Amino acid sequence: MCQSREEETQLFSWGWDLYQFAMSKFIQPTCDPWKTAMARANTLIYLQVVIDSKPLCIATYHMPCLYKEPDVMAIHSSIVKDLMFQLAAGQDFILAGDFNIKPRDLCYQLLTEKGDAKYNLPKSNTYEISYRPNHEQVLKSAYREKNGTEPVYTDFSHTPHSPNFCETLDYIFFNGSLTVEKVLELPDHPTGESYPDETHPSDHLMIAATFQL
-14 MCQSREEETQ LFSWGWDLYQ FAMSKFIQPT CDPWKTAMAR ANTLIYLQVV IDSKPLCIAT
46 YHMPCLYKEP DVMAIHSSIV KDLMFQLAAG QDFILAGDFN IKPRDLCYQL LTEKGDAKYN
106 LPKSNTYEIS YRPNHEQVLK SAYREKNGTE PVYTDFSHTP HSPNFCETLD YIFFNGSLTV
166 EKVLELPDHP TGESYPDETH PSDHLMIAAT FQL
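For reference, each letter of the sequence shown is one residue, going -14 to 198 in the numbering used here.
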């Protein structure tokens, strides 16, 4: 059976419309992680104090919670680390916050381990990136320095459609001649169904450290 040219054209048009619909619904365009990273409004809060005539730089940062985009989190991790070294300019510093990374994650390694063999930051198809990470500048973690390991957990939160999230996400990083005298003791097991609850005002536990200058 032969089809008319008009019928063939209509069939092709219908097939093309179906293809475009499928592409728009199921195939997302490639995203530039640098563009995503630069669009975030996360801000490093930094100050310098003088204690007993000794300068100390203190900062806090809340890392984007983009665990499905590890390249974006790696960009933020690397840059905030190197920016702290630049701002401190050789002085002792403390960098604390909710980093939204676990101790076994790549970003934790980027912050605390020397060498670049494990990972290279992605290239951008939008911008010319002049930033080059310094893999020799790394941070120490107060809890790991004092206890030999990170806390069992610092966050216990309800997550829809899956078991409650219970992991370590918060850290007190530092660099320089500082010595960790003690850290706030944290529980090994959560209580209740999730945080916050009547005894925990946040889904995050409070962490703290005492340093000797």
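Even glycine gets a Cβ: it sits at the ideal position worked out from N, Cα and C. These numbers come from a predicted model, not from an experiment.
Per DSSP, what kind of secondary structure is residue i in: helix, strand or coil?
| i | result |
| --- | --- |
| A194 | strand |
| K125 | strand |
| S187 | coil |
| E170 | coil |
| N132 | helix |
| D182 | coil |
| E113 | coil |
| N119 | coil |
| S147 | coil |
Short of 7 Å in beta carbon distance, which residues of its chain neighbour residue i, apart from the five on each side in sequence? Order them along the chain.
| i | result |
| --- | --- |
| L95 | A59, S62, S63, Y104 |
| S(-11) | A caution first: S(-11) carries a pLDDT of 49, below 50, which makes its placement in the model unreliable, though a value can still be read off. Closer than 7 Å at the Cβ level, and outside the excluded window around S(-11), lies no residue. |
| S142 | N149, F150, S179, Y180, D188 |
| L106 | A59, I60, S63, P118 |
| V57 | P18, T21, A22, P49, L51 |
| E98 | V123 |
| L68 | L29 |
Which residues in the same chain have their Cβ closer than 8 Å to the Cβ of residue i, if we skip the five residues on either side of it in sequence?
| i | result |
| --- | --- |
| F196 | I79, A127, F159, L163, T164, V165, E166 |
| N27 | Y46, H47, M48, P49, H61 |
| S109 | D17, P18, W19, K20 |
| D77 | K39, P40, L41, C42, F159, N160, G161, S162, L163, L198 |
Any idea if residue i is buried or exposed, counting beta-carbon neighbours within 10 angstroms, 16 or more meaning buried?
| i | result |
| --- | --- |
| D66 | Per the sequence shown, residue 66 should be read as Lys rather than Asp. Buried, since its Cβ has 16 or more Cβ neighbours within 10 Å. |
| I86 | buried |
| D191 | Correcting the residue type first, residue 191 is Met in the shown sequence and not Asp. Exposed: under 16 other Cβ atoms inside 10 Å. |
| P136 | buried |
| T176 | exposed |
| T134 | exposed |
| D155 | buried |
| A44 | buried |
| I157 | buried |
| V35 | exposed |
Can you name the residues that DSSP bridges to residue i?
| i | result |
| --- | --- |
| V165 | F196 |
| N160 | F78 |
Would you say the beta carbon of residue i is closer than 6 Å to some non-hydrogen atom of the ligand COA?
| i | result |
| --- | --- |
| Q33 | Because no ligand of any kind appears in the structure shown, any question about the ligand COA cannot be addressed here. |
Once the 5 residues before and after residue i are set aside, which same chain residues still bring their CB inside 6 Å of it?
| i | result |
| --- | --- |
| K39 | L198 |
| N132 | none |
Contained beta strand (DSSP E) runs [length at least 3] in the region 13 to 100, N- to C-terminal order: 30 to 36, 39 to 45, 78 to 83
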